[in-house]
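Undergrad:
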Amino acid sequence: MLFPFAWQIVLSLSTQSEATSAVPTLPAAPSLAAYALVFERLPFLSQFWVSVLITVLRTAAQLVLCAMAGYAFARMRFRGRGALLALTLSVLMVPSQVYLIPQYEIVESLGWLDTVQGVVAPGLFSAFGTFLMRQFFAALPPELEEAARLDGCNPWQVFWRVMLPLTRPGLVALAIITVLWSWNDLLWPLVVTTDSTSMPLAVGLATLQGERSTQIPLVMAASLLAMAPVLILFITLQKRVIDGIAHTGLK
1 MLFPFAWQIV LSLSTQSEAT SAVPTLPAAP SLAAYALVFE RLPFLSQFWV SVLITVLRTA
61 AQLVLCAMAG YAFARMRFRG RGALLALTLS VLMVPSQVYL IPQYEIVESL GWLDTVQGVV
121 APGLFSAFGT FLMRQFFAAL PPELEEAARL DGCNPWQVFW RVMLPLTRPG LVALAIITVL
181 WSWNDLLWPL VVTTDSTSMP LAVGLATLQG ERSTQIPLVM AASLLAMAPV LILFITLQKR
241 VIDGIAHTGL K
């Protein structure tokens, strides 16, 4: 599993001739020139902060909206709950490319092309996040809600003060999954952004691919720089992510 990352580092320190050699070789004189070239070819810092902003907004919105929707589907009783849940989950069976054009037309009509809100809007809510949080809320004992109501809590207080803190593993898992998905999202930002300073890093990396030739050390160096923040985050919180997913619907 680690070999591709190690080889990526090797290629980023190589020359173009060494990287494209028919026989894989280690760099004769390792150089950081490709890393310096990244900042010349791309507005890297600008695209980095765009990626950070998009990821933070999407993650925060999904934590709030998916948690509330998951709680409603799991603990509240209302007419059509099953049908509405099935309709929400049916989104998971539809490829995102199917509704790409309608989403683009909506964003264009709002004047959000080449803007952060245009990239963020379709990712503010997810059916998967709703299902994940529903499983956590459904596994909690109903006695907790009954005790909170006896203490005088209204429905919002029951959700916010009693039930939501108990789903912390699920919230952490959803946050990490959303961060990874948002940071690596390519197709939608590629469609709605054309200005290099408003592109996230994933789109910026795609622009480094040439029509006839590609500078492999440059691409590898840029990929490593773009990958580093989320890789460090995932390694730091890996145990929480695994625990959160493993216990979904079981606790």
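Start counting the sequence shown at 1; every next residue gets the next number (full-length UniProt numbering).
Glycine included, every Cβ here is placed at the ideal spot set by N, Cα and C.
Is it the case that the Cβ atoms of G70 and G129 are separated by a distance below 9 Å?
TA: For the purposes of this step, residue 70 is taken as residue 70 along the sequence shown, with counting starting at 1. For the purposes of this step, residue 129 is taken as residue 129 along the sequence shown, with counting starting at 1. For G70 and G129, yes; Cβs fall inside 9 Å.
Undergrad: Along the chain, where does the alpha helix (DSSP H) that runs through A6 open and close?
TA: In the sequence shown, counting from the first residue as 1, residue 6 sits at position 6. For A6, the enclosing alpha helix (DSSP H) covers residues 3-12.
Undergrad: Taking buried to mean at least 16 other C-beta atoms within 10 Å of its own C-beta, is G249 buried or exposed?
TA: Counting from 1 along the sequence shown, the entry for residue 249 is found at position 249. For G249, the predicted model reports a pLDDT of 44, less than 50, meaning its position is unreliable; a value from the coordinates is still stated below. Label assigned to G249: exposed.
Undergrad: For V64, which of P165, Q97, A222 has the nearest alpha-carbon?
TA: Stepping through the sequence shown from its first residue, residue 64 is reached at position 64. Nearest C-alpha to V64: P165.
Undergrad: How many angstroms separate the CA atom of I235 from the CA atom of T194?
TA: Residue mapping note: residue 235 aligns to position 235 of the sequence shown, counting from 1. Residue mapping note: residue 194 aligns to position 194 of the sequence shown, counting from 1. So the two alpha carbons sit approximately 33 Å from each other.
Undergrad: Could you tell me if the beta carbon of R79 falls within a distance shorter than 8 Å of some heavy atom in the ligand SAM?
TA: You won't find the ligand SAM in this model; it holds no ligand whatsoever.
Undergrad: Within its chain, find whatever has a CB closer than 6 Å to the CB of S198; leave out the 5 residues flanking it on each side and keep chain order.
TA: If you number the sequence shown from 1, residue 198 lands on position 198. So the qualifying residues of the chain are D114.
Undergrad: Could you tell me whether any Cβ in chain C is nearer than 9 Å to the Cβ of L42?
TA: Within the model displayed, chain C is absent; a lone protein chain is all it includes.
Undergrad: Touch check for the stretch 90-106 and the stretch 172-180: three-plus C-beta pairs under 8 Å?
TA: no
Undergrad: Just how far apart, CA to CA, sit L201 and V23?
TA: Along the sequence shown, read from residue 1 onward, the residue named residue 201 stands at position 201. Along the sequence shown, read from residue 1 onward, the residue named residue 23 stands at position 23. If I take the Cα positions, the gap works out to 31 Å.
Undergrad: Check each candidate in V119, V56, Q215, K239 and name the one with the smallest Cα separation from S12.
TA: Here residue 12 corresponds to residue number 12 of the sequence shown, with the count starting at 1. Cα-wise, what sits closest to S12 is Q215.
Undergrad: Cα separation between T55 and L150?
TA: Within the sequence shown, residue 55 is the residue found at index 55, counting from 1. Within the sequence shown, residue 150 is the residue found at index 150, counting from 1. Roughly 40 Å between the two C-alpha positions.
Undergrad: Quick one: what does DSSP say V23 is sitting in, helix, strand or coil?
TA: To locate residue 23, count along the sequence shown from 1; it is residue 23. Three-state DSSP puts V23 in coil, outside helix and strand.
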